[in-house]
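Residue numbers (UniProt numbering): 1 to 655.
Idealized CB from N, CA, C, for every residue including glycine.
Written as structure tokens, this is what we have:
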């Protein structure tokens with residue numbers, strides 16, 4: 001009975017973990033732990049002959065949750081049986097030839113072409129029913145929407161997002177806990193968008209790995225021939241090697257050494273018999289086809305000692321535990337820290353300072369804790385936020401416990417205000433990114449914005465931080481010294497007062513004769529005398545400096561910088577008094593902010609929405625059916641391209 005009870009326990013635990021990961025986007029256990037429990041369940045089922053109807057060893061995937069239309073697959077999309085033993089893979093191949101390829105870690109898609117055109121794309125879903133994502137698939141970076149073959153073609157492949165695109169997209173997300181955990185989660189969300197514009201922006205790639213059917217084409221009973229034919233139709237095919245029992249081990253070694261430099265996620269290899277008829281003659285089990293096998297890497301693990309749990313606070317209040325341990329070498333690099341993700345995982349590992357733990361790199365990339373040998377469970381959840389000292393709160397949602405700081409004044413929640421002061425249009429502190437600011441705030445180096453200029457107090461701590469050595473520190477100090485020579489316009493803009501952009505800050509500073517003290521004494525009546533400033537902005541400005549904390553912070557920043565005369569506004573007859581709205585991509589400027597800065601430097605104004613006061617809407621796609629274009633047409637506002645604006649501004653040298 002003990003074995004049967006354990007089977008029931010494992011089925012419930014694995015199903016909960018699978019549903020959390022695939023349907024809810026949350027991770028309650030590591031891949032390492034999941035695989036170990038899965039293998040334990042499979043062994044117990046073989047020993048007892050008992051397989052529950054909802055066991056993950058016989059059920060494939062989970063029902064998808066979205067508003068996308070669904071469709072039943074013509075034939076079930078089964079999982080692959082797997083092994084971590086190289087000799088087992090060699091024995092499985094027997095005397096046959098096979099194709100060994102990457103097991104890509106993304107989202108499996110079925111494509112259908114008719115008359116040379118892509119007519120349908122469906123996700124794998126739960127293996128029986130998938131979601132129709134045809135419009136999104138047409139946005140994939142490398143997918144052919146038309147091909148030369150005019151018959152009916154059905155193929156399967158993996159949609160993936162590269163690590164470089166994954167990092168780029170995550171860098172654009174300010175909230176730490178809103179960032180994607182891994183490329184697979186990002187790809188799943190990107191492929192299943194209701195707005196295919198988002199899919200296009202995510203740079204989703206598609207790699208074919210199975211040709212299901214192609215009417216009237218003779219492939220000489222060879223999977224390799226199918227792959228080469230797909231290439232001739234314009235498809236990218238998963239990278240593969242031809243193998244037999246004599247060279248398969250060398251081929252596995254090649255893949256293992258190559259994966260560390262790959263820009264795409266892979267969690268193992270797949271082998272399939274080249275002989276199509278032979279493979280299909282083997283049939284299938286309830287869950288696995290017998291013509292293919294998955295090979296998962298045996299993760300390289302290392303024993304080490306847990307030194308501390310660092311509690312990392314984010315701008316949304318979430319506080320995540322991060323394990324800091326004695327450095328060990330894994331997959332050719334030294335690692336010393338790993339995210340524990342949440343309190344639930346930390347408690348399941350029973351972590352304690354001084355414990356002996358085993359660590360590994362998931363997919364040979366991301367450091368994680370495999371197991372805790374000591375299991376002392378002595379780590380205590382902090383009752384106060386490590387950044388602000390405010391009281392913490394444990395949230396339990398869907399049986400996942402997370403730690404939060406509820407203090408609205410917590411510096412971790414105001415990273416954007418620090419970043420604004422350091423931004424190009426404010427003090428222009430090169431090298432002080434949001435990510436760096438976040439680390440400094442979490443370490444307690446920055447309590448108020450003027451502390452940015454006193455960061456040298458923490459030289460020893462900063463130079464020992466991961467990814468931030470002596471050279472980075474010196475570059476930052478040099479940038480801070482350079483940023484000290486600034487003007488009052490940049491300081492006022494960098495404070496982030498409601499509705500006070502760069503052009504408004506310039507108007508106010510000019511009115512107040514560039515006097516920092518006059519800023520504190522300005523009245524609403526005084527400010528509304530300025531053309532272009534109304535009561536709302538004037539009141540917001542005055543109220544800002546009535547707040548003693550904000551007033552003190554302003555004076556603190558002034559004590560660290562050298563105020564010079566603001567640059568004169570180079571008004572031109574063409575732009576003076578004109579109001580612009582910018583939308584869409586730009587080609588001749590680094591970004592829209594750079595174009596905005598030019599307009600404001602020449603006496604123009606930039607707003608966010610099209611109104612009757614708008615002089616021009618700048619949009620390189622004048623035929624766009626965007627809301628702004630429609631509003632401009634309705635109000636009779638001219639829509640001009642970037643090139644037309646440059647000529648209007650008399651800046652032909654930019655073309």
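Pick from 400, 412, 617, 139: whose alpha carbon is nearest that of residue 187? 139
Taking the continuous alpha helix (DSSP H) assigned at residue 279, which residues delimit it? 276 to 281
Would you tell me roughly how many angstroms separate the C-alpha atoms of residue 518 and residue 526, rounded to the nearest one? 11 angstroms
Out of 201, 203, 231, 302, point me to the one whose CA is closest to residue 210's CA. 231
Considering only C-alpha positions, which residue in the set 34, 634, 305, 143 is nearest to residue 200? 143
Can the beta-carbon of residue 340 be found closer than 8 angstroms to that of residue 369? yes
So for residue 74, helix, strand or coil by DSSP? coil
Measure from the alpha carbon of residue 216 to the alpha carbon of each residue in 634, 233, 150, then state which is nearest. 150
Need the endpoints of the beta strand (DSSP E) that residue 692 sits in, please. In this structure the chain extends from 1 to 655, so residue 692 is not present and cannot be described.
Rounded to whole angstroms, what's the CA-CA distance from residue 83 to residue 35? Just pull it up for me. 11 angstroms
Ordered along the chain, which non-local residues of its own chain (more than five positions away) have a Cβ less than 8 angstroms from that of residue 568? Unreliable positioning characterises residue 568 in this predicted model, as indicated by a pLDDT of 49, which lies under 50. The coordinate reading is nonetheless provided below. Around residue 568: no qualifying Cβ.
By Cβ distance below 7 angstroms, which residues in the same chain neighbour residue 10 in space, the five residues on each side in sequence not counted? 37, 40, 41
For residue 229, which residues of its own chain have a beta-carbon under 8 angstroms away from its beta-carbon, when the five flanking residues on both sides are left out? 211, 214, 217, 219
Endpoints, beta strand (DSSP E) assigned at residue 213: 205 to 214
Enumerate in chain order the residues of its own chain whose CB-to-CB distance from residue 251 is below 6 angstroms, with the five nearest sequence positions on each side excluded. 100, 241, 243
Using the three-state DSSP reduction, which class does residue 465 fall into: helix, strand or coil? strand
Alpha carbon of residue 414 to alpha carbon of residue 483, nearest angstrom: 21 angstroms
Taking Cβ to Cβ, would you say residue 628 is nearer than 8 angstroms to residue 617? yes
Apply the 10 Å Cβ neighbour rule to residue 265 and answer buried if 16 or more other Cβ atoms are within range, or exposed otherwise. A residue is called buried once 16 or more other Cβ atoms fall within 10 Å of its Cβ, and residue 265 is buried on that count.
CB-CB under 7 angstroms to residue 612, same chain, minus the five flanking residues each way: which ones, in chain order? 635
How would you write the range of the alpha helix (DSSP H) that residue 629 sits in, first residue to last? It spans 627 to 635 - the alpha helix (DSSP H) in which residue 629 sits, taken as one unbroken run.
Based on DSSP bridge pairs, tell me the residues matched to residue 92. In DSSP, residue 92 forms no bridge with anything.
Keeping to the same chain, check which residues put their C-beta closer than 8 angstroms to that of residue 89; ignore five residues upstream and five downstream. Leaving aside the five residues that flank residue 89 on each side, the residues in its chain whose CB is nearer than 8 angstroms to its CB run, in chain order, 83, 248, 252, 271, 293, 295.
Under the assumption that residue 161 contacts residue 203 (Cβ atoms under 8 angstroms), give the Cβ distance between them as a whole number of angstroms. Indeed, because the Cβ distance is near 7 angstroms, the residues count as touching under 8 angstroms.
Rounded to whole angstroms, what is the Cα-Cα separation between residue 418 and residue 406? Residue 418 and residue 406 have their C-alpha atoms spaced approximately 20 angstroms apart.
If I follow the unbroken beta strand (DSSP E) through residue 327, where does it start and stop? 318 to 330
Buried or exposed: which applies to residue 98, given that a residue is buried once 16 or more other Cβ atoms fall within 10 Å of its Cβ? Flag for residue 98 reads buried.
Candidates 426, 422, 443: closest to residue 434 by CA position: When each option's Cα is compared against that of residue 434, the closest is 422.
Cβ-based burial, residue 442 [other Cβ within 10 Å; buried from 16]: Burial call: buried.
Out of 164, 235, 495, 488, which has the shortest C-alpha to C-alpha gap to residue 507? 488
Count the other CB atoms, across all protein chains shown, that sit within 10 Å of the CB of residue 314; report buried if there are 16 or more and exposed otherwise. buried
Span separating the alpha-carbon of residue 541 from that of residue 497: 7 angstroms
Cβ shell of residue 112 (< 6 angstroms), same chain only, five flanking positions each side left out: Excluding positions up to five away in sequence, the list reads 119, 120, 154.
Could you check whether residue 560 and residue 453 sit closer than 8 angstroms to each other, using their CB atoms as the reference points? Result yes, Cβ atoms of residue 453 and residue 560 sit closer than 8 angstroms.
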